[in-house]
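Respectively, the protein sequence lines represent chains A and B.
For the first sequence, the working numbering begins at 1155 and goes up steadily by one.
For the second sequence, the working numbering begins at 2 and goes up steadily by one.
Even for Gly, the Cβ is constructed at its ideal location relative to N, Cα and C.
In what follows, a single structure is set out as structure tokens and then discussed.
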Amino acid sequence: DGGITQSPKYLFRKEGQNVTLSCEQNLNHDAMYWYRQDPGQGLRLIYYSQIVNDFQKGDIAEGYSVSREKKESFPLTVTSAQKNPTAFYLCASSQSGPTITPYEQYFGPGTRLTVT
Amino acid sequence: AQSVTQLDSQVPVFEEAPVELRCNYSSSVSVYLFWYVQYPNQGLQLLLKYLSGSTLVKGINGFEAEFNKSQTSFHLRKPSVHISDTAEYFCAVTPVGKTSYDKVIFGPGTSLSVIP
């Protein structure tokens, strides 16, 4: 079955440590995204990537970094510079290109990160 | 730029009663519209989408939504809810016409609680 996997589902870290969240998709999608979800705030875009070896900052990129070395993988690193990292992180993917509609995004199950 | 408003942050409803979740958007260009559902501690799943054509859109799990261009609304409805419909619901828009990136704007979400 095609889909998106995120691991781990729950992650605990001490303040000051970097942590990397995994996201893998086998949907053959070009575009991938990372969102942060906080209660009552909906989803906020952290980073996105339209093709391999290219990615762009979203609305709240400060304190985060990403890489896109393979089409299937888009890991997110939460650095110690992120002031409030405790949140639910969602990875998504979609087809991309000027002839592609309807821009539907497919989501992974999420990783809940707790930093103490 | 686009924005999405979901006026009701929480909607309690009795089982088998009808429900309407409201969504209004603001955009200077035409948009595609989506409703996503998120069950506790899971990713988002597409319920339905409006791209063009008939303004009444039917989705999964018995949900439907109506696009009203003059009122810039895309309200979600279900004639009879079940306990299993308890979840967070997100309205989202994306501008018509491909540029360089699939920008999806999510609303803050509405928490639907179905009461037995």
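| query | Going by the beta-carbon positions, is the gap between Glu1226(A) and Asn1207(A) smaller than 8 Å? | reply | Residue numbering aside, residue 1226(A) sits at position 72 when the first sequence is read from its first letter. Residue numbering aside, residue 1207(A) sits at position 53 when the first sequence is read from its first letter. Contact flag unset, no.
| task | Over the uninterrupted beta strand (DSSP E) stretch that includes Leu22(B), give me the two end residues. | result | Working through the second sequence from its first residue, we reach residue 22(B) at position 21. Segment 20-22, the beta strand (DSSP E) holding Leu22(B).
| said: Quick check on the DSSP output: the beta strand (DSSP E) that includes Ser71(B) runs from which residue to which? | reply: The residue you call residue 71(B) lines up with position 70 of the second sequence. Premise fails: Ser71(B) is in no beta strand (DSSP E) and is neither H nor E.
| query | Based on the DSSP output, what are the partners of Phe91(B) in its beta bridges? | reply | Start at 1 with the first residue of the second sequence, and residue 91(B) comes out as number 90. In DSSP, Phe91(B) forms a bridge with Tyr37(B).
| task | Would you verify that the beta carbon of Gln1179(A) is, or is not, closer than 8 Å to some beta carbon of chain B? | result | Here residue 1179(A) is taken as the residue at index 25 of the first sequence, counted from 1. So no, Gln1179(A) is outside the interface.
| Can you tell me whether DSSP reads Ser101(B) as helix, strand or coil? | Within the second sequence, residue 101(B) is the residue found at index 100, counting from 1. Unreliable placement is indicated for Ser101(B), whose pLDDT of 45 sits below 50; the coordinate value is still reported in the next sentence. Ser101(B) falls in the coil class under three-state DSSP.
| request: Please name the residue, chosen from Phe1261(A), Ala1246(A), Ala1241(A), Tyr1260(A), that lies closest to Val1173(A) on a Cα-to-Cα basis. | output: Sequence index remark: in the first sequence, residue 1173(A) carries index 19 (1-based). Measuring from the Cα of Val1173(A), the nearest candidate turns out to be Ala1241(A).
| field | Extent of the continuous beta strand (DSSP E) run through Thr1265(A) | value | As a working note, residue 1265(A) is residue 111 in the first sequence. Counting along the chain, the beta strand (DSSP E) containing Thr1265(A) begins and ends at 1265-1269.
| field | Asp1213(A), buried or exposed, once every other Cβ within 10 Å from all chains shown has been counted against 16 | value | The residue you call residue 1213(A) lines up with position 59 of the first sequence. By the neighbour-count rule (16 or more Cβ atoms within 10 Å), Asp1213(A) is not buried but exposed.
| request: Would you kindly report the start and end of the unbroken beta strand (DSSP E) that includes Asp1208(A)? | output: Taking the first residue of the first sequence as 1, we reach residue 1208(A) at position 54. That run of the beta strand (DSSP E) goes 1208-1211.
| query | In three-state DSSP terms, what is Ile1214(A)? | reply | Residue mapping note: residue 1214(A) aligns to position 60 of the first sequence, counting from 1. Note: Ile1214(A) maps to coil in three-state DSSP.
| task | Show which residues of chain B have a CB atom less than 8 Å away from the CB atom of Leu1244(A). | result | Taking the first residue of the first sequence as position 1, residue 1244(A) is located at position 90. Those are Gly44, Leu45, listed as they occur along chain B.
| said: Going by C-alpha to C-alpha distance, which of Ser27(B), Glu21(B), Ser28(B) sits closest to Tyr90(B)? | reply: Taking the second sequence and counting its residues from 1, the one referred to as residue 90(B) is at position 89. Closest option to Tyr90(B), Cα to Cα, is Glu21(B).
| Nearest-angstrom Cα distance between Leu45(B) and Ala88(B)? | For the purposes of this step, residue 45(B) is identified with residue 44 of the second sequence, where counting begins at 1. For the purposes of this step, residue 88(B) is identified with residue 87 of the second sequence, where counting begins at 1. So the alpha carbons of these two residues sit roughly 10 Å apart.
| Do you know whose CA, among Lys1237(A), Gly1157(A), Thr1270(A), Ile1200(A), lies nearest Ser1221(A)'s CA? | Reading the first sequence from its first residue, position 67 is the one you call residue 1221(A). Of the listed residues, the one whose Cα sits closest to Ser1221(A) is Ile1200(A).
| request: Go ahead and pull the three-state DSSP assignment for Asn25(B). | output: Residue mapping note: residue 25(B) aligns to position 24 of the second sequence, counting from 1. Asn25(B): strand per DSSP, three-state reduction.
| Helix, strand or coil at Ser1234(A) according to DSSP, with G and I counted as helix | Residue 1234(A) sits at position 80 when you count from the first residue of the first sequence. Reduced to three states, the DSSP call for Ser1234(A) is coil.
| said: Taking CB distances under 8 Å as the criterion, tell me whether Phe1209(A) reaches chain B. | reply: Start at 1 with the first residue of the first sequence, and residue 1209(A) comes out as number 55. No, Phe1209(A) does not count as interfacial toward chain B.
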